[in-house]
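Numbering (the numbering used here), first residue to last: 1474 to 1659.
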């Protein structure tokens, strides 16, 4: 079983990544798993900004899709793994699927595979994700499939996490410390 799992969830620009990096900085050996791809100039600038904010001593794996496989094959000499983020990972998995495939089932299976890697790890894990359940229902099939899939993955990780921080305007609230617990509907 992993040393501990922290999930950090919030909206865009809520301070999720900065808070996750602050938590990870408490450890000596950090493995940063990045799922973003620089597909345009704006994303390239975002990635560069995030890279500059991390200490040079952190090791970085960049993998947008087959995260579980890459982590398993990585040298396990790290104290904490910072995964940023589930949102982009689920996006890539969804966009790579063949038409007609069951998105929720496929992505849930991949999430279970990733969680099995965590359970086999001796490291602390810090996982970043976006909250997608507080907005409107998307008008497109793909948008709804994404919201449903990421919502389920977030519930899976939150149910199994030791700590779940909700980020709003740079403020972190530990939901489990407040008595938050899964309702059993998963």
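Note that CB positions come from ideal geometry on N, CA and C, so glycine has one too.
In terms of Cα proximity to residue 1552, the closest of 1482, 1588, 1502, 1649 is 1502. Per DSSP, the beta-bridge partners of residue 1603 are 1483.
Residue burial is scored here from C-beta neighbours: residue 1533 has fewer than 16 other C-beta atoms within 10 angstroms and is therefore classed as exposed.
Taking the Cβ atoms as the reference, residue 1482 lies roughly 5 Å from residue 1604, within the contact range of under 8 Å. A distance below 8 Å separates the beta carbons of residue 1619 and residue 1567. Judged by beta-carbon spacing, residue 1548 lies beyond the 8 Å limit of residue 1601, meaning their Cβ atoms are not closer than that value. Note on the region 1542-1599: whole beta strand (DSSP E) runs with a minimum of 3 residues are 1553-1557, in chain order. Per DSSP, residue 1499 lies in no alpha helix (DSSP H) segment and is marked neither H nor E. Rounded to whole angstroms, residue 1479 and residue 1613 show a C-alpha spacing of 32 Å.
For residue 1575, the closest C-alpha among the options 1591, 1606, 1621 is that of 1621. In the structure shown, the three-state DSSP call for residue 1504 is strand.
A straight-line Cα-Cα distance of about 15 Å links residue 1512 and residue 1569. Here the region 1523-1539 makes no contact with the region 1585-1592; the two share fewer than three CB pairs at distances below 8 Å. The beta carbon of residue 1590 lies closer than 6 Å to those of 1541, 1544, 1545 in the same chain, with the five residues before and after it left out.
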